[in-house]
Amino acid sequence: MIQSLRNSIFACLKSFSRDGLAEYSAEDVLIDSPGDVNLGELYTNAALVFAKTLKMNPRALANNIAAALTKNDNVSNVDIADPGFINFKLKPCAWHSTIDEILASGDTYGSSNKGRGEVVNVEFVSANPTGPLHTGHARNAVFGSVIANLLEKIGYKVTKEFYINDQGNQIKALSRSIYLRYRECLGTKINKSDFSGNDMYLGEYVKGIAKNLADLYGDEFLNKKESEWITSISQFAVKKMMDNIKGDLSLLGINMDVYTSETAVCKKNMVNEALAILASEGDIYDGIIPKPKGIDAKDWEEKPQTLFRSTKYGDDIDRAIRKSDGTWTYFAGDIAYHLDKIQRGFKKMVNVLGADHTGYIKRIKAAVKALSGGEANIDIRLYQLVNFLENGEQVRMSKRSGNFITLRDVVERVGKDITRFMMISRHHDVTIDFDFKKVAEHSMDNPIFYIQYAYARISSVFRNAAKIFENISVEELKTSSKSCLQDETEIDLMKSLCFWPEQVASAAIALEPHRIPHYLYKVSSLFHSLWNKGKTNTILRFIDEKDRATTIARLALLESTRIVLKDGLKLIGITPLEEMK
RNA sequence: GCACCCGUAGCUCAGAUGGAUAGAGCACUUCCCUCCGAAGGAAGAGGUCGUAGGUUCGAAUCCUAUCGGGUGCGCCA
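First residue of the first sequence? That's 219 in the working numbering, and the numbers climb one at a time after it.
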């Protein structure tokens, strides 16, 4: 409905200039409901926005648009306000046809083809396989998965990807930690001091992996030099940890499409290939990175290193791709990985990272630009920390000691749906306070219950209606007359449902999933409001035992509300409840 | 020192592409269950959108400066 209004306004604009609007489309026409209801149901600022482009007086343009709208059968009460806003209403029958639209579309209501089937790679979580997923990863996982759902919904072909950092010092440290526990399993006495080395892992899960190792390989690695076991145990450890991580993700209902391993990328010689591309553009050179001012770096030595000229693509300083011992930096591997993505055909990429990766954005964007000759683009979304509160007190966590809340802990305690809702309902740039007590409360502090409650109430109405009227079918809801739906709140609800496709598209394009739960809350609120109106004003009740036609019309409105709520909940990965318990 | 992010009601937060008198919830005040689920609803009060300039028909939104808070800054991944 909104889209067809846009189209008629845009057609009017186009009649004034054939090519002046070449860069614009009907999508650029704003139609919204004004904050003040006295101003009307809907308004557009198109005359103000396009007056300049068309070199016309805003007021004159507004007159023309208003005339065009007046001719539209769905529109009534067109009015022009200074300096050129156009306010108008829709005839009730137009709102009623929005219900028919929703019922006809069903699950696909809100979908669009803005993505035109373009492939997009959404990389998220990508946690080091050195321990179970923790609470930070939970936000990453939920955020990434909803972005993927949203992009899919607007017509992109999405690949959800996890990058496995199965190389480097952390994996070595994990392997050494496992090896110690493995010896312990086989009877060697291990002292606490043996774990005092660099970044040794102390978590209980290390013992579990060591036991598996001992069960499977016996004393095969015992009394051998590190060089003889490190590769085997690393591989074993990564395999075990990845199984663990996949299990944790599935607790949140998340399945990745692709897991790409750093080792595999290196084996394909991608690092050299990537560097060759960069070198051919003159973006590789030997140089010195200056010491940053104002921070503590006592043992800083200025040494020449191989650098990537990322400043050419907007970075603040050039970045090292080789350590002074000649081995590649992590960044070199990441450059190779992104070349791999590009070669797999992705021109559009999204990467979800924790806020501690702030400094990483510019260099990876630079690399993608350089590697693709400007063809590919990567969006990096950072998310802020989650503070966990127990009885109002923040829970301290330390990963090294193994003392941290795992994703599994959280999900087992409050459930998948609440975890997901908490992680997704705030803007990604805002830190979240996750209070274990509050989130489980069935109260207004916890909007998920409000939304679930609306959904359950609708289902309840249908259950009750079925007791009174026989054989209510979706077909009957579709074909019935809705002309009795005239109440202000009913219209408001229809109006709100009408904007669902817009909401989905805006959330997807902005990569801001939190808009979805906020919208669902608003729809729920209108529904609850309508429900309560029926308590005092009995003619507004959904079920009228003596009037099947009216009941069916109201059920049609409720069904379309249910479709939107269900679709929205599905996008954010939450299971709707048929009844509250 | 530099980069990125945040600053909106007492509290927790929404306000995409600049739009009209800045919105919710919690808390506070007052109402509404003989009634499809009160786990709800209606109304009231609460704001110099950190501050100061600028851009224009119009700024919470864009630009500049500044204050406060967070994150990060070579051979960690």
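Ideal Cβ positions, reconstructed from N, Cα and C, are used throughout, including at glycine. Here the structure is a predicted model, which means the values were calculated and not measured.
How is the beta strand (DSSP E) around T524 delimited, first residue to last?
Within the first sequence, the letter at position 306 stands for residue 524. That run of the beta strand (DSSP E) goes 522 to 526.
Applying the 10 Å Cβ sphere with the 16-neighbour rule, what's the burial state of L368?
Residue 368 sits at position 150 when you count from the first residue of the first sequence. The residue in question, L368, is buried, as its Cβ has 16 or more Cβ neighbours within 10 Å.
Quick check on DSSP: helix, strand or coil for T547?
Translated into positions along the first sequence, residue 547 becomes position 329. Coil at T547, not helix or strand.
DSSP has N605 in a bridge; who is on the other side?
Working through the first sequence from its first residue, we reach residue 605 at position 387. Beta-bridge analysis with DSSP links N605 to D651.
Expressed to the nearest angstrom, what Euclidean distance is found between the alpha-carbon atoms of Y435 and T637?
The residue you call residue 435 lines up with position 217 of the first sequence. The residue you call residue 637 lines up with position 419 of the first sequence. Taking the straight line from one Cα to the other gives about 39 Å.
Quick check: the region 450 to 458 against the region 355 to 367, are at least 3 beta-carbon pairs closer than 8 Å?
Touching, no.
Which of the three DSSP states, helix, strand or coil, is assigned to K566?
By one-based count along the first sequence, residue 566 stands at place 348. Correct three-state label for K566: strand.
L681 to T768, Cα distance in whole Å?
Walking along the first sequence from the start, residue 681 turns up at place 463. Walking along the first sequence from the start, residue 768 turns up at place 550. Looking at the sequence shown, residue 681 is not Leu but Arg. One C-alpha to the other measures close to 17 Å.
Which complete alpha helix (DSSP H) runs does the region 342 to 384 hold, if anything under 4 residues is left out?
353 to 371
Thinking C-beta only, is T624 closer than 8 Å to H352?
Here residue 352 refers to the residue found at position 134 of the first sequence. Here residue 624 refers to the residue found at position 406 of the first sequence. Contact flag set, yes.
Nearest to I598 (by Cα), restricted to the options M418, E611, K580:
One-based indexing of the first sequence puts residue 598 at position 380. That would be K580, whose Cα lies nearest to the Cα of I598.
The beta strand (DSSP E) with T262 in it runs from where to where?
Walking along the first sequence from the start, residue 262 turns up at place 44. Start and end: 260 to 262.
What residue range does the beta strand (DSSP E) around Y477 cover?
Numbered from 1 along the first sequence, position 259 holds the residue referred to as residue 477. Taken as a continuous stretch (DSSP letters only), the beta strand (DSSP E) holding Y477 covers 476 to 479.
Looking only at its chain, what residues have a beta carbon closer than 7 Å to the beta carbon of D384, apart from the 5 residues adjacent to it on each side?
Along the first sequence, one-based indexing puts residue 384 at 166. Around D384: P347, V456, S479, E480, T481.
Three-state secondary structure (DSSP) of K307:
Along the first sequence, read from residue 1 onward, the residue named residue 307 stands at position 89. It is a strand residue.
Roughly how many angstroms lie between the CA atoms of V657 and E630, to the nearest whole one?
For the purposes of this step, residue 657 is taken as the residue at position 439 of the first sequence. For the purposes of this step, residue 630 is taken as the residue at position 412 of the first sequence. Here the alpha carbons of E630 and V657 stand approximately 13 Å from one another.
DSSP-derived helix/strand/coil call for Y555
Taking the first residue of the first sequence as 1, we reach residue 555 at position 337. Looking at Y555 - three-state DSSP - the assignment turns out to be helix.
Could you pull out every residue in the same chain whose Cβ sits closer than 6 Å to the Cβ of R399, ignoring the five residues on either side in sequence?
By one-based count along the first sequence, residue 399 stands at place 181. These residues qualify, in order along the chain: V424, K425, A428.
Where V722 falls: helix, strand or coil (DSSP)
Stepping through the first sequence from its first residue, residue 722 is reached at position 504. Here V722 sits in helix by DSSP.
When you compare the region 754 to 773 with the region 718 to 737, are there three or more beta-carbon pairs, one atom per stretch, that lie closer than 8 Å?
Touching, no, given that fewer than three Cβ pairs across the two stretches are closer than 8 Å.
If we count the other Cβ atoms within 10 Å of its Cβ and call it buried at 16 or more, is Q704 buried or exposed?
As a first step, residue 704 is located in the first sequence; it is residue number 486 there, counting from the start. Q704 comes out exposed.
Starting from A774 and walking both ways along the alpha helix (DSSP H), at which residues does that stretch end?
Residue numbering aside, residue 774 sits at position 556 when the first sequence is read from its first letter. 766 to 789 is the extent of the alpha helix (DSSP H) around A774.
Kindly indicate which residue of I502, E520, E519 has the alpha-carbon position closest to the one of Y531.
Within the first sequence, the letter at position 313 stands for residue 531. If we check each option's Cα against that of Y531, I502 comes out closest.
Do you know whose CA, among D536, K443, H646, G405, lies nearest G362's CA?
Taking the first residue of the first sequence as 1, we reach residue 362 at position 144. Among D536, K443, H646, G405, the Cα nearest to that of G362 belongs to H646.
Does DSSP put D504 in a helix, in a strand, or in coil?
Counting from one through the first sequence, the residue named residue 504 turns up at place 286. If DSSP states are grouped into helix, strand and coil, D504 belongs with the strands.
Beta strand (DSSP E) segment containing D297, residue limits:
The count along the first sequence starts at 1 and reaches residue 297 at position 79. Note, D297: beta strand (DSSP E), 293 to 299.
Given that a residue counts as buried once 16 or more other Cβ atoms are within 10 Å of its Cβ, and exposed if not, what is S243?
Taking the first residue of the first sequence as 1, we reach residue 243 at position 25. Flag for S243 reads exposed.
Candidates A683, I220, Q561, of which the one nearest V586 by Cα:
The residue you call residue 586 lines up with position 368 of the first sequence. It is Q561.
Neighbourhood of V489 by C-beta distance below 7 Å, restricted to the same chain and skipping five residues each side
As a position in the first sequence, residue 489 is number 271, starting the count at 1. These residues qualify, in order along the chain: W546, A550, G551, A554.
Going by DSSP, which residues form a beta bridge with A455?
Position 237 of the first sequence, counted from the first residue, corresponds to residue 455. DSSP lists no partner for A455.
Cα-Cα separation, N609 to M615:
Translated into positions along the first sequence, residue 609 becomes position 391. Translated into positions along the first sequence, residue 615 becomes position 397. Distance between the alpha carbons of N609 and M615: 16 Å.
Sub-8 Å separation of L773 and L695 beta-carbons:
In the first sequence, the residue the question calls residue 773 occupies position 555. In the first sequence, the residue the question calls residue 695 occupies position 477. Against a cut-off of 8 Å, the Cβ pair of L695 and L773 comes out as a contact.
Say whether the region 225 to 240 touches the region 731 to 738, bearing in mind that this needs 3 or more beta-carbon pairs closer than 8 Å, one atom from each stretch.
no
Please classify R644: is it buried, with 16 or more other beta-carbons within 10 angstroms of its beta-carbon, or exposed?
Against the first sequence, residue 644 aligns to sequence position 426. Buried: at least 16 other Cβ atoms inside 10 Å.
Mind checking who V338 pairs with in its DSSP beta bridge?
Residue 338 sits at position 120 when you count from the first residue of the first sequence. Bridge partners of V338: V376, K566.
Mind checking which residues open and close the alpha helix (DSSP H) that includes I709?
As a first step, residue 709 is located in the first sequence; it is residue number 491 there, counting from the start. Element bounds for I709: 706 to 716.
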